[in-house]
Amino acid sequence: MMKFKQLGFTLMLALASLQVQAQGRVDPNLPVYEPVSGVSGNLSSVGSDTLNNLMTLWAEEFAKFYPNVNIQIQGAGSSTAPPALTEGTANFGPMSRLMRSSEIQAFEERFGYPPTPVGTSIDALAVMVNKDNPIECMSIPEVDAVFSVTRRCGAPNDITRWGQLGLAGAWADRDFTIYSRNAVSGTYGFFKDNALCGGDFKPGINEQPGSASVVQGVTESLNGIGYSGIGYMTSGIKALEIAPDQGAECVAPDAETAASGQYPLARLLYVYVNKKPKQPLAPLEREFFRLVLSRQGQEVVVRDGYIPLPAPVAMRIREQLGL
Amino acid sequence: MNQADDNALPARQSYLPSRASMARRRRWRYVADFSAGWMVRFGGGGVVIALALIFVYLFSEVVPMLRGASIEQQASYLAPGADEAGLSALALERYGEVGMRYSAQGRLSYFALEDGRLLREFDLSVPDGVDVVSMAVGEPRTRQAVFGLSDGSAIIVEHGIELDFDGQQRRVAPNPRFPLGSEPLQVDPQGRSLQTLAVQSGRNDTGVAAQTDDGRLVLARFGTKTNFLTGETEVTRRDWTLPRPPEPVAYLQLTANLWSLIGASRAGRLIYWDISNPDEAVVGDQSAATGPGESITELKMLNGTFSWIVGTSEGRLSQWFLVRDESAGASDNIFDMVRVRDFKQHPGAITRIQPEYTRKGFAAVDAAGGLGLHYGTSARTLYLDQVHDRPLRAVGVSPVDDRLVVEDDRGRILQFDVWNEHPEVSLKALWGKVWYEGRQDPDYVWQASSGADSFEPKYSMIPLTVGTLKAALFAMLFAMPLAIAGAVYTAYFMAPKLRGYVKPTIEVMEALPTVILGFLAGLWLAPFLENHIPAVFTVLVGLPLSFLLVAFGFSRLPAGFRLKIPDGWEAVILLPVIVLVVWGLVALSPLIEIWFFDGSMRQWFTDIGITYDQRNALVVGIAMGFAVIPTIFSIAEDAVFTVPRHLTQGSLALGATPWQTVTRVVLLTASPGIFSAVMIGFGRAVGETMIVLMATGNSPVVNFNIFEGMRTLSANIAVELPETAVNSTHYRILFLAGLVLFAVTFLVNTIAELVRQRLRARYSSL
Chain V
1 MMKFKQLGFT
11 LMLALASLQV
21 QAQGRVDPNL
31 PVYEPVSGVS
41 GNLSSVGSDT
51 LNNLMTLWAE
61 EFAKFYPNVN
71 IQIQGAGSST
81 APPALTEGTA
91 NFGPMSRLMR
101 SSEIQAFEER
111 FGYPPTPVGT
121 SIDALAVMVN
131 KDNPIECMSI
141 PEVDAVFSVT
151 RRCGAPNDIT
161 RWGQLGLAGA
171 WADRDFTIYS
181 RNAVSGTYGF
191 FKDNALCGGD
201 FKPGINEQPG
211 SASVVQGVTE
221 SLNGIGYSGI
231 GYMTSGIKAL
241 EIAPDQGAEC
251 VAPDAETAAS
261 GQYPLARLLY
271 VYVNKKPKQP
281 LAPLEREFFR
291 LVLSRQGQEV
301 VVRDGYIPLP
311 APVAMRIREQ
321 LGL
Chain D
324 MNQADDNALP
334 ARQSYLPSRA
344 SMARRRRWRY
354 VADFSAGWMV
364 RFGGGGVVIA
374 LALIFVYLFS
384 EVVPMLRGAS
394 IEQQASYLAP
404 GADEAGLSAL
414 ALERYGEVGM
424 RYSAQGRLSY
434 FALEDGRLLR
444 EFDLSVPDGV
454 DVVSMAVGEP
464 RTRQAVFGLS
474 DGSAIIVEHG
484 IELDFDGQQR
494 RVAPNPRFPL
504 GSEPLQVDPQ
514 GRSLQTLAVQ
524 SGRNDTGVAA
534 QTDDGRLVLA
544 RFGTKTNFLT
554 GETEVTRRDW
564 TLPRPPEPVA
574 YLQLTANLWS
584 LIGASRAGRL
594 IYWDISNPDE
604 AVVGDQSAAT
614 GPGESITELK
624 MLNGTFSWIV
634 GTSEGRLSQW
644 FLVRDESAGA
654 SDNIFDMVRV
664 RDFKQHPGAI
674 TRIQPEYTRK
684 GFAAVDAAGG
694 LGLHYGTSAR
704 TLYLDQVHDR
714 PLRAVGVSPV
724 DDRLVVEDDR
734 GRILQFDVWN
744 EHPEVSLKAL
754 WGKVWYEGRQ
764 DPDYVWQASS
774 GADSFEPKYS
784 MIPLTVGTLK
794 AALFAMLFAM
804 PLAIAGAVYT
814 AYFMAPKLRG
824 YVKPTIEVME
834 ALPTVILGFL
844 AGLWLAPFLE
854 NHIPAVFTVL
864 VGLPLSFLLV
874 AFGFSRLPAG
884 FRLKIPDGWE
894 AVILLPVIVL
904 VVWGLVALSP
914 LIEIWFFDGS
924 MRQWFTDIGI
934 TYDQRNALVV
944 GIAMGFAVIP
954 TIFSIAEDAV
964 FTVPRHLTQG
974 SLALGATPWQ
984 TVTRVVLLTA
994 SPGIFSAVMI
1004 GFGRAVGETM
1014 IVLMATGNSP
1024 VVNFNIFEGM
1034 RTLSANIAVE
1044 LPETAVNSTH
1054 YRILFLAGLV
1064 LFAVTFLVNT
1074 IAELVRQRLR
1084 ARYSSL
C-alpha cells in the first residue's frame, strides 16, 4: 500500500515539479550531507498532508544512506501530529502550522518539556482557481469575502459572484464553488488565521480530506476556488497572485516573494520532534534533520515544488538543534 | 411367540438401545439442551450487555461536560510588596509554580505560588522626576502590560518566564522582557500625563491608546519588522490624535488588529472609535451600558479581542461586540456595538475581570469578596460564590485554566485550584441558536477548530443532525420506491427462474464497499450530474412514461407474438428500453440546456437564486440509495414472498385480478415486513459514513436543498476525531454526537419494531 501510494505521489510530483523546477534554487552555501555510521531503527512520521510528499521523499533519500532504517509515513493533517508525538506513536510530527498552546500543553503534561519545532522548508500557500478562469489577482480582503461569513479582513461586502471580482461576460454571474481542507489540516488553520483574519468559513464550503482532492475539485469545477500548498500545483489549476491589502500590489507566489515575506500567505513548514532540553537528539533524528537541512535535503524540497530554506536560516536552525 | 423370539435373541442384538444407553443418551440430551439453552441466553444477554456497555461508555465520556466548575483554596499569604497602596495586577504561568504581580508603582515581582516567597523583583527604568500614573494589560496570551508615565511616555513589559532544565528537573525562572525596549516610548507628543491606557499587540504592530490629563485621546503604533533571514527586529513609530470623547473615559480597550478602540466612561457610556484608518479616525456608535445610578467599574477584552465584558457597580456583567451594519443605505464597514448576553449578577461591584488565555471565559471578582467564573459562548456562570470576607481587587488565571489567584484590598493573596474543563457546553450552545462573535445574528453553526487559540469554537449539533436526516431522507426517496416496487414485482410477478438470477444479484450489491460507492459518486457522478442537470429531471419523468408506453405497445401486439414471451419474463423487455431512454435523454440534455436555459442549467439555477453545489444531496441520495436498496429489497422481497399462497390463490379464485390481489391482499399482509425493511434501510442510511464523507463537501449547512451538501454526525466523527486532544471538550462533543446517533438509530428501530408488531397483529387474522 505504502509503495503504491508512493508511486502515485512520485508520478504526481514529477508533473508538479516540471512547473516549478525553475523557481527555486538551492542555496549553494548549504553543507553537503555526509552519512555517519551506526544509524538504524524506525523512522515514523504522522502529521501534515501538505508535507506528506516531502516527508516521503526525504525518507527515501534517507533510506539511500541508511538502508537498515524502517520508514513509515502517514499524512492525514497537521492536527494528527501533536497527539501522535504525545502518545509516542511517531518520532516526527510534520506540521504546516505552529502548534496551538493547548496542543503543547498536552505534550508538556506527558514529558515535562515542550516539543521542538524544526523549520524545514517554505511554502507559499496558493489560492487557486480553474485553469480556464480569467482572473489573475485577488486581495486578501477579497479572498476573505469569498471564503468567510465574518469578513474580518475588512471587505465591505460579501462576494458571491465572480463579477464582483471584476470578471465580465459569462463569468459576471457565475457563483463560487468553494473548496477547503478539513479542520484536521494545518493549511486550514493557517488560511483561517491569515486569509480570513481569524474569521469563520461559510457553511457551504466543500471540506476535502486532502490537498490533492482540493486540487481535483477545483480542476473539475469551472467556478471552483480553493487553496493548498504550492507543492500540489497541477496543470488543471491556476495559482492566483495575492495582494496583501485592497489596492496593494499583486504578488505572485514564488520562491523569491515567499522567502522575502512579500507574499502574504507564505509560511514555514515544520517538523516537530520530541527533544529533551539540553540533551542531544537521538542519532536517527539527528541524522534525519542533518539531511533535511543539507543541500541534498533542500534539493528534495525544490523537487517537490516547495521553496528551499536560505542557507543562513538553515544554519541557524542547525545551530539551535545542535547539529 | 414374539415374546419367545425376543427371549431367544441375545439382548444386545436388539435395535432398541439398552436401558443404560438410553439413560446415558437422555443425560447427554439433557446436558446438550441445558447448555444450548444457556448459550442462547448468554448470547442474547451478551448482545444486550454489549449494547448497554456501549451506551454506558459513550455516556461516561459525555458526563464530565455536564459538571460545572469547582475551586479549592490551596494557600493564602501576603503578597510581596503588599504594603504598597493602589492597584495591582496578577498573572500566573502554566506550570503552577510562579506567580507574577505588578504593583501600581511599576514593580514586577515574581513569587513562589505555594507560599508567596519573593523570587525576584524588577523595577521599571522610570526617569527621575517622572511618575507611573496608569497601567493596563493587553490580551492575556501576549503577557503584556503597559505603564503610563507622567511625561506622556509608556513602557511595555512582558512578564515572561524561562524554562531551565537541569537534567530531569524543570525550573521555572523569571524572565521579564521589554519587546520594544526598556526605555520609555513617547506616546503623547505633547508630553502630558497618560491617565487612561490601553495596549494590544497585533501581528507585527503594537498599539497604545491613551487619554491624557487634558482630555485628549492619543494613539501610538509601534510597528516591528523582523527580517526573515537574519532574525533582527526594527521598530517604527507613528502617532495620531484621535477625536475627543464626548465625555472623559475611565477605561480603554483596543482590539488586536488595531482597528477599533472601545472606551467606557464611569457614568456608563460605551464609546467606539473606528481607527482602522487612524488618519480619519471617527467616533462611531455610542451606547448606554448601565441602568440609572449604576456606573461602569471594569472593561476587558476577552481572548481574541473581538468581544468585551463590561462590569458595573451593581455587579452586573455583560458581553458586547461589534456587529456590521448591513441595513440598506448603511455605508461600508459601519459597526454597531451590541449587548449580546448577560451573566449572573455578582453581589458586589465588579472590581476586576481577567479573561482566560485560550478560551472565551473570564474570571471576575467583586467588592463583596465574591469570585465568579463565567463563559462567553455558552453564557454560563460556572461558579459564583463568596470566597473571602474582604473586597477583592485583583485576579489572575493560569494559562491552562487550572489555577487562580485573587488579591484582597490589603494585599493578601488567595490561591485556588480550579476544575473548569468544559465551560463551552450548555444545552443552548449545543442545540440552540448562539450569537457568535462578530456575526450578524444568532445562528446554528458547526465549526469546531482552527489553527489559533483566539478562535471561538462553534459546537451546534443542529447542522449535523439536520445533515444526517437530510442524507437519509434523500437516500430513502431514491431507494424506497425502487426497492419496494422491485421486491413486490420480483416476489409476486417474476418467473421463478428469473427471480433466481435477480435476487442474488441485488443482494450481492450489498457487498459493494461503500467507500467505492462514495469514490465513484464524488469523482465521477458529481461532475457528470453537474454537466447534465436536465437529464436528471427528464429521466425522472421520462423513464416511467417510457415504461407505460412500452407496456401499452406490448398490449397492442398480436396475441401470437405476445404469448411467445413467457409469463413473468416481461420485465426483460424493459432492459434495452431503460438503456436507450437514459442514453437518449442524457444525449438530449445539452440541447435542452441550449433551448430552455440559455446554454447552462447550472447557471440558470444561480441566476434564479438556487445554490448548486457539485457534491450535493442528490449525489449522496443516489449513491447511498444504492447502498440501502439491497437491504430494503432483500427483506421486503422475503416478506412479500412468504405471504401464504392460500391468501393469494383465494383472492384470485374469487375473481380478483393479480393487481387487485397485490394491492389489497399481498401488500397488506406483507406490510409489517416491508415496514421493517424500510426502517432498517433508514437506520443504515443514518449511520452510513464513507459515502457521505466522500461524495459531499461535508459542509455543515442547515437546509434541505437537494442541490447543496450536508455534514452528517457520522462523517463528522470520522473527520474530526483524529485531531482532537483526548478528553477535550471537542472530543467529548464528538462522543455526544456518537451518543445522539446511537439514540436516533435505537429510537427508529424501537418504533419500527412496535409498528411492525401492531401491523402483524392486525393482519395475522387474514
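If you're matching them up, the sequences are chains V and D in order. Counting from 1, position 43 in the first sequence corresponds to residue 43 in this note's numbering; the numbering is continuous, with no gaps. All you need for this note's numbering is the position in the second sequence, starting with 1, plus 323. Even glycine gets a Cβ: it sits at the ideal position worked out from N, Cα and C. The structure presented is a predicted model; accordingly, all values stated were derived computationally and were not measured.
Counted as a single uninterrupted DSSP element, the stretch harbouring T234/V is not any alpha helix (DSSP H), since DSSP gives it neither H nor E. Between I140/V and chain D, the shortest Cβ-Cβ separation is not below 7 Å. In the three-state reduction of the DSSP assignment, L575/D falls in the strand class, which pools E and B. Distance from M388/D to H745/D at the Cβ level is roughly 4 Å; contact confirmed, criterion being Cβ atoms closer than 8 Å.
Cβ neighbours of R318/V within its own chain (closer than 7 Å, five residues either side excluded): L293. Following the DSSP letters along the chain, one finds P967/D in no beta strand (DSSP E), marked with neither H nor E. Looking only at Y680/D, F658/D, P714/D, the smallest Cα-Cα distance to G638/D is reached by P714/D.
Shown here, V728/D sits in a strand according to DSSP, grouped into three states. Interface criterion not met: the Cβ of P264/V is under 7 Å from no Cβ in chain D.
Counting of Cβ neighbours within 10 angstroms places L863/D among the exposed residues, the total staying below 16. Considered as a whole, the region 23 to 104 of chain V harbours 52 to 65, 81 to 87 as its complete alpha helix (DSSP H) runs of no fewer than 4 residues, in chain order. In terms of Cα proximity to I958/D, the closest of M624/D, V985/D, I807/D is I807/D.
Secondary structure at Q320/V: helix, using DSSP grouped into helix, strand and coil. Out of V985/D, Y353/D, L911/D, P403/D, the CA that lies nearest to the CA of G865/D is found in L911/D. DSSP, reduced to helix, strand and coil, places L265/V outside both helices and strands of the structure shown, so it counts as coil. Pairing A398/D with E437/D gives a Cβ-Cβ distance under 7 Å. Taking the Cβ atoms as the reference, P94/V lies roughly 4 Å from L51/V, within the contact range of under 8 Å. Look at the region 846 to 860 of chain D: the residues with a C-beta under 7 Å from a C-beta of chain V are P850.
With contacts defined by Cβ atoms closer than 7 Å, H855/D and V900/D do not form a contacting pair. Boundaries of the beta strand (DSSP E) harbouring W742/D: 735 to 742, taken from the DSSP string.
Counting every other CB atom within 10 Å of its CB across the protein chains shown gives N743/D a total of 16 or more, marking it as buried. Residues of the region 408 to 426 of chain D with a Cβ closer than 9 Å to any Cβ of chain V, in chain order: R417, Y418.
Nearest neighbour of Y425/D by Cα position, chosen from G404/D, P502/D, V873/D, turns out to be G404/D.
With contacts defined by Cβ atoms closer than 7 Å, A612/D and V633/D form a contacting pair. No Cβ of chain D is located within less than 7 Å of the beta carbon of V46/V. Under DSSP, the beta-bridge partners assigned to C137/V are E241/V. For W892/D, the number of other beta carbons within 10 angstroms of its own is below 16, and it is reported as exposed. Apart from sequence neighbours up to five positions away, the residues of its chain that approach G483/D with a beta-carbon distance below 7 Å are R466, N498, P499, R500, ordered along the chain.
In the structure shown, the three-state DSSP call for Y353/D is helix. Residue range 186 to 194 is occupied by the alpha helix (DSSP H) that includes D193/V. Using a Cβ-Cβ cut-off of 7 Å, T257/V is close to nothing in chain D; its nearest Cβ partner there is about 12 Å away. If you check the CB distance, A1018/D and G790/D do not come in under 7 Å.
Between the region 1016 to 1030 of chain D and the region 927 to 944 of chain D, the count of C-beta pairs closer than 8 Å reaches three or more; the two stretches touch. By alpha-carbon distance to G734/D, the top candidate from K756/D, H711/D, P722/D is H711/D. Boundaries of the beta strand (DSSP E) harbouring I394/D: 393 to 401, taken from the DSSP string. Contact check for P765/D against K751/D fails: the beta carbons are separated by 7 Å or more.
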